[in-house]
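In the numbering used here, the protein residues as written are 2 to 162.
The following block contains the structure:
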């Protein structure tokens, strides 16, 4: 009889352990960002480089409208803001200045299409270097910005929602 009681206790202890481990597992997996569902919208931004003609850096506290022109590598341009859509989901926005203004800002994040003419950009971090060097700002969770995309010939306009 004593043997059955100890086996019963052991199996109860094991059951409690399994339940606790299951709860911990559920907590950890629910805290992670769910993987973004792939959309079927064509991504014409992938691997493209743009000069921001007006609007400044694409940032959470940035402008409401950005005018973009395709960047031509052969063009010599000083003093500009730019955005590169690095691949099918990552972007970087940065500025470039000629000598004398040595404060540089780089914004990194991810983007994805919500609709065929609308993207959501998630800013993950902002880095400042040069004369305005500061610790990198990391956003957890990322700061979201949603834009409508309007094509105007070879130019793009991003309008904040």
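Where is the CB? At the ideal position from N, CA and C, for every residue including glycine.
When secondary structure is reduced to three states using DSSP, residue 13 falls in the helix class. Rounded to the nearest whole angstrom, the C-alpha separation of residue 96 and residue 105 is 6 Å. The region 153-161 makes no contact with the region 126-141; the number of CB pairs closer than 8 Å stays below 3.
Burial is judged here by how many other beta carbons sit within 10 angstroms of a residue's own beta carbon; residue 46 has at least 16 and is buried.
Counting along the chain, residue 65 sits inside no beta strand (DSSP E), nor does DSSP assign it H or E at all.
In this chain, the beta strand (DSSP E) harbouring residue 139 covers 135-153. In terms of Cβ geometry, residue 120 and residue 58 do not form a close pair [threshold 8 Å]. Ranked by how close their Cα comes to the Cα of residue 100, the residues 14, 41, 79 have 79 in first place. Listed as beta-bridge partners of residue 159 by DSSP are 67, 150.
Counting C-beta atoms within 10 angstroms of its own C-beta, residue 51 has 16 or more neighbours from the protein chains shown and is therefore classed as buried.
Under the three-state reduction of DSSP, residue 129 is assigned to strand. Between residue 118 and residue 149, the C-beta spacing is below 8 Å. A distance below 6 Å between beta-carbons, with the five flanking residues on each side excluded, links residue 60 to the following residues of its chain, in chain order: 108. Inter-residue distance for residue 55 and residue 66 is about 8 Å (C-alpha atoms, whole angstroms). Beta-bridge partners assigned by DSSP to residue 84: 51, 94.
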